[in-house]
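Participant: Got a structure for you, questions after.
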Amino acid sequence: MNIFRLTGDLSHLAAIIILLLKIWKTRSCAGISGKSQILFALVFTTRYLDLLTSFISLYNTTMKVIYIGCAYATVYLIYMKFKATYDGNHDSFRMEFLVVPVGGLACLVNHDFSFLEILWTFSIYLESVAILPQLFMISKTGEAETITTHYLFFLGLYRALYLFNWIWRFYFEGFFDMIAIVAGMVQTILYCDFFYLYVTKGQGISL
Amino acid sequence: SDSQTDKDEL
Chain Z
1 MNIFRLTGDL
11 SHLAAIIILL
21 LKIWKTRSCA
31 GISGKSQILF
41 ALVFTTRYLD
51 LLTSFISLYN
61 TTMKVIYIGC
71 AYATVYLIYM
81 KFKATYDGNH
91 DSFRMEFLVV
101 PVGGLACLVN
111 HDFSFLEILW
121 TFSIYLESVA
131 ILPQLFMISK
141 TGEAETITTH
151 YLFFLGLYRA
161 LYLFNWIWRF
171 YFEGFFDMIA
181 IVAGMVQTIL
191 YCDFFYLYVT
201 KGQGISL
Chain R
208 SDSQTDKDEL
């Protein structure tokens, strides 16, 4: 654990909580892509199956359970509780265009051809592109509320901080994981355009 | 370890 890893995790947690609270407080999921949230729930589910097979630390278990719980709670709010406010017409990105190629890639490029390892790899690849339906939705509607942009900022910041964590770990522990690093770079790059808008416009974005 | 996954990372 280093400072980049910890702040990355906290940034990720902040993003998830911000989104949940926004939907809960406004009683609306307008402007939020339910498809991105389904993909994130799938990411956490496939990555954290090791909760059932191995114990790493209390911190590790707690964060995994919180991430999974919040992901499903968010999907529930969007598709069940506040379904009437869900803007399905603008959330038109096809999830299978991401899930199928990512699944194929996970089977081809992984560290070990085993069930849990392939699901872990799948989750890493899928996470890197899971935000695309949300970004696509913003580009279609041409706007994003301030609180939505805060959510995206912390979500993007998290993986960028993990990149620094991996640089740190390479220098001080000689550790590197090429799959996580390359996927993390792709993920961070996808947010660059958004980061630029967030910093220059500050408030809600309108294209 | 050069390319082992780290399940401690989230």
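If you're matching them up, the sequences are chains Z and R in order. Start counting the first sequence at 1; every next residue gets the next number (our numbering). Start counting the second sequence at 208; every next residue gets the next number (our numbering). Each residue gets a CB set at the ideal place from its N, CA and C atoms; glycine is no exception.
1. In the DSSP assignment, what are the bridge partners of Ile205(Z)?
2. Which ranges does the alpha helix (DSSP H) cover as unbroken runs of at least 4 residues, wholly within the segment 164-202 of chain Z, from first to last along the chain?
3. Give every residue of the same chain whose Cβ lies closer than 7 Å to the Cβ of Lys140(Z), excluding the five residues on either side of it in the sequence, and list them in chain order.
4. Give me the Cβ distance between Leu207(Z) and Glu143(Z), rounded to the nearest whole Å; I'm assuming they're in contact under 8 Å.
5. Got a sec, what are the start and stop residues for the alpha helix (DSSP H) Val100(Z) sits in?
6. Quick check on Ser210(R): buried or exposed, where buried means 16 or more other Cβ atoms within 10 Å of its Cβ?
7. How would you list, in chain order, the residues of chain R whose beta-carbon sits under 9 Å from the beta-carbon of Lys64(Z)?
8. Are the Cβ atoms of Tyr59(Z) and Phe44(Z) separated by less than 7 Å?
9. Is the distance from the Cβ of Ile18(Z) to the Cβ of His150(Z) below 7 Å?
10. Compute the Euclidean distance between the alpha carbons of Asn2(Z) and Phe55(Z), then round it to the nearest angstrom.
11. What are the start and end residues of the alpha helix (DSSP H) that includes Arg47(Z)?
12. For Ile189(Z), count neighbouring C-beta atoms within 10 Å of its own C-beta (all shown protein chains included) and say buried if the count is 16 or more, exposed if not.
13. Would you identify the three-state DSSP class for Ala84(Z), choosing helix, strand or coil?
14. Would you kindly report the start and end of the unbroken alpha helix (DSSP H) that includes Ala73(Z)?
15. Closer than 6 Å by C-beta to His210(Z): which residues in its own chain qualify, once you throw out the five before and the five after it? Chain order, please.
Facilitator: Concretely, from the data shown:
1. The count along the first sequence starts at 1 and reaches residue 205(Z) at position 205. Looking at the DSSP assignment, Ile205(Z) forms a beta bridge with Ala144(Z).
2. 178-201
3. Position 140 of the first sequence, counted from the start, is the residue given in the question as residue 140(Z). Within the same chain, Lys140(Z) has close Cβ partners His90.
4. In the first sequence, the residue the question calls residue 207(Z) occupies position 207. In the first sequence, the residue the question calls residue 143(Z) occupies position 143. Going by Cβ atoms, the distance from Leu207(Z) to Glu143(Z) rounds to 7 Å, so yes, they are a contact pair.
5. Within the first sequence, numbered from 1, the residue matching residue 100(Z) stands at position 100. Looking at the DSSP string, the run of the alpha helix (DSSP H) that includes Val100(Z) is 96-108.
6. In the second sequence, residue 210(R) corresponds to position 3, counting from 1. Caution is warranted here: a pLDDT of 45 is assigned to Ser210(R), below 50, making its placement in the model unreliable, and no coordinate value can be reported.
7. Position 64 of the first sequence, counted from the first residue, corresponds to residue 64(Z). Residues of chain R passing the Cβ test: Leu217.
8. Position 59 of the first sequence, counting from 1, holds the residue named residue 59(Z). Position 44 of the first sequence, counting from 1, holds the residue named residue 44(Z). Not a contact, by the Cβ cut-off of 7 Å.
9. Taking the first sequence and counting its residues from 1, one reaches residue 18(Z) at position 18. Taking the first sequence and counting its residues from 1, one reaches residue 150(Z) at position 150. Closer than 7 Å, so yes.
10. Position 2 of the first sequence, counted from the start, is the residue given in the question as residue 2(Z). Position 55 of the first sequence, counted from the start, is the residue given in the question as residue 55(Z). Spanning the two alpha carbons is a distance of roughly 20 Å.
11. Residue numbering aside, residue 47(Z) sits at position 47 when the first sequence is read from its first letter. 34-47 is the extent of the alpha helix (DSSP H) around Arg47(Z).
12. Along the first sequence, one-based indexing puts residue 189(Z) at 189. Its Cβ having fewer than 16 others within 10 Å, Ile189(Z) is exposed.
13. Translated into positions along the first sequence, residue 84(Z) becomes position 84. The answer is helix: DSSP assigns Ala84(Z) an H, G or I state.
14. Residue 73(Z) sits at position 73 when you count from the first residue of the first sequence. Where Ala73(Z) is concerned, the enclosing alpha helix (DSSP H) stretches over 58-76.
15. Here chain Z covers residues 1 to 207 and nothing more, so residue 210(Z) does not appear.
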